[in-house]
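S.K.: Chains as they are written, first to last, in the numbering used here: chain F, 1 to 372; chain H, 1 to 143. Beta carbons are placed, not taken as given, at the ideal position from N, Cα and C, and that holds for glycine. Since the model is a prediction, treat every value here as computed from it, not as a measurement. Can you keep this structure in mind? I'll have questions shortly.
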Amino acid sequence: MDTLEKIRVLGEAGKYDICASSSSKRAGASNGIGNPSAPGICSSFTPDGRCITLFKVLFSNSCTHDCKYCQNSSSCNKQKVMFEPDELAKAFMNLYVKNYVEGFFLSSGIIKEADYTMDLMLDCVRLLRNKYLYNGYIHLKIIPGTSRDKIKQASELADRLSLNLEVPDKSSMSEISTVKDYKLDLLKRFRYMKKLDLPSGTTTQFVVGSVDDTDYRIMKRVNWMYNNMNLKRAYFSAFIPIKNTAFEGKIREKLDREHRLYQTDFLMRKYGVKFADIKKIFDDEMIPRHDPKVLLANETLKEPISINSADYNSLLKVPGIGPKSAMKILNHRKSAKIKSIDALKELGVIVKRAKNYIEINNSFQSKIGEYA
Amino acid sequence: MYHHMIAYTRFNYSNKGILYAKIPDEFTPSIINHFSAKFPLFYIMLEHKGKTHVLKFGEEKKVFYKKIEKVLKDYELSLPDSFEFSTNSEKEWSLFYDSQYIRQRKNTKLFHHFIPKKLEKLGILGKEFERAKGNKKITDLLT
């Protein structure tokens, strides 16, 4: 099989992995090719609205594991394909220098065993760094069960490492795989990773709805990962049944659920909301079909927040006020009081969302028109 | 526009270490700085309407009032060989691009949100969007 055909097959095999656009605090070098520090550049978009930033492929679609949702599972009957390390490095560099992609994402099915697969992936990444002088962004997947030594080697070459948990706990894992050990193959590897100095940190991904996990259990695990494993962020992927897999007949998960999980995760990660507060929004362990920030505000803001005296954390609780606009409000208050809704709009507040939770000059927002 | 241009500019490569492209939109001088910092080993050449800008990281920018092909030829004569990359990028990219689409998640609203019509008119977005549209007009896809 030629390289082009491998790109087609192994690109398709890796399309369900999620990664963000490249950004890394690692400084670029003037004697190489590429630059890891330009975040947010999307080189293209697919018709599902997702951006293509990284050259995202699997090293091989051959896998010893039997994950029931996965198209690369050992139980699936498919054509087995594998890159040669230099072949893949060349194919990526060809697209990178011509500015089709902004970085490299490499994952793989498990060939023989974890360390053997990781070695092949590392060979490819070493070629990129040493032979092709590639200095750009690399996101490398850690294969479940990889040894501490290989993880350390990976951390010296990549900007970001990730390992997919897929489900929130051991009992759910037993429903999707007979091989993967949740504690030994996954959590233990995160323990190794958390001690490493990675420019872009570590991430994980959950397949939402492949088994009967609740949002509560997923977010509880995510919170635990943030607190104990130094996780940078979590990704969520609504389960889609794939032909020829054991879960082919299962019902597809709604994208709305994935969206709510991202919103809730955002509250914890960017707004600093504690999980103890997040717990208040769950209804029968699921996030209701409303914006979690509004649900949280309804639960926690019994009184309107005074725009002119509230602290940063209180302002952040208001729907329509984000970290940037909260900072702008604080800065504005240093020189003058906020006296009108228009002034709030200018500071970036989405007044339509915020109006039910704020008061200006001791007047409640129900009289909002009076401020204009 | 700057952001779009640095994302959607596609280069050709000369194995003398030159990345070159024609820019269909009004030339934004700052994008050449972005690319020369990103690819410090290579010369960057950008042409807009017969005016060719050349920059290598750490050197002074030069402007030639002639077509890129001519400037490229002049530079190629004086430069040593550099890396060799495949000339099959367009095919490689199209196969990769097609492989990433998850049909069950089709979201034309979001797709539309991210594709400025201006870029499509300018032809910057290239053939991948033609494929994404299934060779339909974008208006057909979005209705």
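1. Since histidine 4/H is in the alpha helix (DSSP H), which residue starts that stretch and which ends it?
2. Assuming methionine 173/F is part of the alpha helix (DSSP H), what are its boundary residues?
3. At the level of alpha carbons, what is the spacing between serine 306/F and isoleucine 358/F?
4. Any Cβ of chain A within less than 8 angstroms of the Cβ of proline 47/F?
5. Excluding the 5 residues flanking leucine 133/F on each side, which residues of the same chain have their C-beta closer than 8 angstroms to its C-beta?
6. Would you call the CB atoms of leucine 186/F and proline 144/F closer than 8 angstroms?
7. Report yes or no: is there a C-beta of chain F within less than 8 angstroms of the C-beta of leucine 77/H?
8. Using DSSP with H/G/I as helix, E/B as strand and the rest coil, what is cysteine 63/F?
9. Taking Cβ-Cβ distances shorter than 8 angstroms, what residues in chain F pair up with lysine 106/H?
10. Please determine, among Gln79/F, Leu88/F, Gln263/F and Tyr312/F, the residue with the shortest C-alpha to C-alpha distance to proline 288/F.
11. Within 10 angstroms of its Cβ, does phenylalanine 114/H collect 16 or more other Cβ (buried), or is it exposed?
12. Between the C-alpha atoms of leucine 165/F and serine 335/F, what's the straight-line distance to the nearest angstrom?
13. Rounded C-beta distance between lysine 22/H and tyrosine 75/H? I'm assuming under 8 angstroms.
14. Are glutamate 102/F and serine 99/H touching if we call contact CB-CB under 8 angstroms?
15. Where does isoleucine 368/F fall in DSSP's three states?
16. Any idea if glutamate 299/F is buried or exposed, counting beta-carbon neighbours within 10 angstroms, 16 or more meaning buried?
17. Is the Cβ-Cβ distance between serine 62/F and methionine 82/F less than 8 angstroms?
18. Taking just the CA atoms, how far does valine 351/F sit from aspartate 342/F?
19. Closer than 9 angstroms between beta carbons: that is the criterion. Which residues of the segment 173 to 194 of chain F meet it against chain H?
20. Distance, Cα to Cα, glycine 49/F vs asparagine 223/F?
21. Could you run through the segment 98 to 111 of chain F and flag, in chain order, every residue whose CB is less than 7 angstroms away from some CB of chain H?
22. By how many angstroms is the C-alpha of leucine 79/H removed from the C-alpha of histidine 53/H?
23. Do you know whose CA, among Ile360/F, Pro323/F and Arg353/F, lies nearest lysine 337/F's CA?
24. Leaving out the 5 sequence neighbours to the left and right, which residues in its chain are closer than 7 angstroms to cysteine 70/F when beta-carbon positions are compared?
25. Which of the three DSSP states is assigned to glutamine 71/F in this structure?
26. Among Leu198/F, Ala238/F and Gly209/F, whose alpha-carbon lies nearest the alpha-carbon of proline 36/F?
27. Return yes when at least one heavy atom of the ligand MG lies under 7 angstroms from the C-beta of isoleucine 321/F, else no.
28. Using a Cβ-Cβ cut-off of 8 angstroms (strictly less than) and excluding sequence neighbours within five positions of isoleucine 329/F, which residues of its own chain qualify?
29. Is the CB of leucine 46/H under 8 angstroms away from at least one CB in chain F?
30. Would the segment 148 to 156 of chain F and the segment 168 to 175 of chain F be scored as touching if the rule is three or more Cβ pairs under 8 angstroms?
31. Name the chain F residues whose beta carbon is nearer than 7 angstroms to that of phenylalanine 85/H?
32. Taking 7 angstroms as the limit between beta carbons, can you name the residues of its chain near glutamate 60/H, skipping five residues before and five after?
33. Between the segment 93 to 104 of chain H and chain F, which residues of the former have CB atoms less than 8 angstroms from a CB of the latter, in chain order?
34. How would you write the range of the alpha helix (DSSP H) that glutamine 205/F sits in, first residue to last?
35. Check whether the segment 262 to 277 of chain F and the segment 290 to 298 of chain F touch, using three or more Cβ-Cβ pairs below 8 angstroms as the test.
36. Suppose you measure from the CA of tyrosine 371/F to the CA of serine 340/F; what does that come to, to the nearest Å?
M.R.: Walking through what the data contain:
1. Counting along the chain, the unbroken alpha helix (DSSP H) around histidine 4/H starts and ends at 2 to 8.
2. Per DSSP, methionine 173/F belongs to the alpha helix (DSSP H) from 170 to 176.
3. If you take the alpha carbons of serine 306/F and isoleucine 358/F, they lie about 6 angstroms apart.
4. Looking for chain A here will not work: the only protein chains present are F and H.
5. Setting aside the 5 residues that flank it on each side, leucine 133/F is surrounded in the same chain by Asn31, Gly32 and Ile33, each with a C-beta closer than 8 angstroms to its C-beta; the list follows chain order.
6. Yes; because the gap between Cβ atoms is below 8 angstroms, this pair is in contact.
7. Not one chain F Cβ lies under 8 angstroms of leucine 77/H.
8. Coil, per DSSP.
9. The contacting residues are Pro47 and Asp48.
10. The shortest CA-to-CA distance from proline 288/F to any of Gln79/F, Leu88/F, Gln263/F and Tyr312/F is the one to Gln263/F.
11. Answer is exposed; the Cβ neighbour count stays below 16.
12. Leucine 165/F and serine 335/F: Cα-Cα distance of roughly 48 angstroms.
13. Not really, about 16 angstroms apart at Cβ, beyond 8 angstroms.
14. Taking 8 angstroms as the Cβ cut-off, glutamate 102/F and serine 99/H do not qualify as a contacting pair.
15. Low per-residue confidence applies at isoleucine 368/F: pLDDT is 45, beneath 50, and the placement is therefore not dependable enough to give any value.
16. With fewer than 16 other Cβ atoms within 10 Å, it is exposed.
17. Yes, these two residues count as a Cβ contact at 8 angstroms.
18. Roughly 9 angstroms between the two C-alpha positions.
19. Those residues of the segment 173 to 194 of chain F that come within reach of chain H (Cβ to Cβ, closer than 9 angstroms) do not exist; the list is empty.
20. Cα-Cα distance, rounded: 28 angstroms.
21. Listed in sequence order: Lys98, Asn99 and Tyr100.
22. Pairing histidine 53/H with leucine 79/H, the inter-Cα distance amounts to about 17 angstroms.
23. Comparing Cα positions, the closest option is Ile360/F.
24. Around cysteine 70/F, the same chain offers Thr245 as residues with beta carbons nearer than 7 angstroms, after the five sequence neighbours per side are excluded.
25. In this structure, glutamine 71/F counts as coil in the three-state DSSP scheme.
26. Between proline 36/F and the set Leu198/F, Ala238/F and Gly209/F, the nearest pair of CA atoms involves Leu198/F.
27. Ligands displayed in this structure: none; no statement on the ligand MG is therefore possible.
28. If we look at isoleucine 329/F and ignore the five residues flanking it on each side, its Cβ neighbours are Ile307, Leu315, Ile321, Ile338, Leu344, Leu347 and Val349.
29. Not one beta carbon of chain F lies nearer than 8 angstroms to the beta carbon of leucine 46/H.
30. No: fewer than three Cβ pairs fall under 8 angstroms.
31. Listed along chain F, the residues sitting closer than 7 angstroms to phenylalanine 85/H by beta-carbon distance are Met93, Asn94 and Val97.
32. Hits under 7 angstroms: none found.
33. Within the segment 93 to 104 of chain H, the residues whose Cβ lies closer than 8 angstroms to some Cβ of chain F are Trp93, Leu95, Phe96, Tyr97, Asp98, Ser99, Gln100, Tyr101, Ile102, Arg103 and Gln104, listed in chain order.
34. For glutamine 205/F, there is no enclosing alpha helix (DSSP H); the residue is part of the beta strand (DSSP E) that begins and ends at 202 to 208.
35. Contact between the segment 262 to 277 of chain F and the segment 290 to 298 of chain F is present, with at least three C-beta pairs closer than 8 angstroms.
36. Here tyrosine 371/F scores only 47 on pLDDT, less than 50, and its place in the model is too uncertain to base an answer on.
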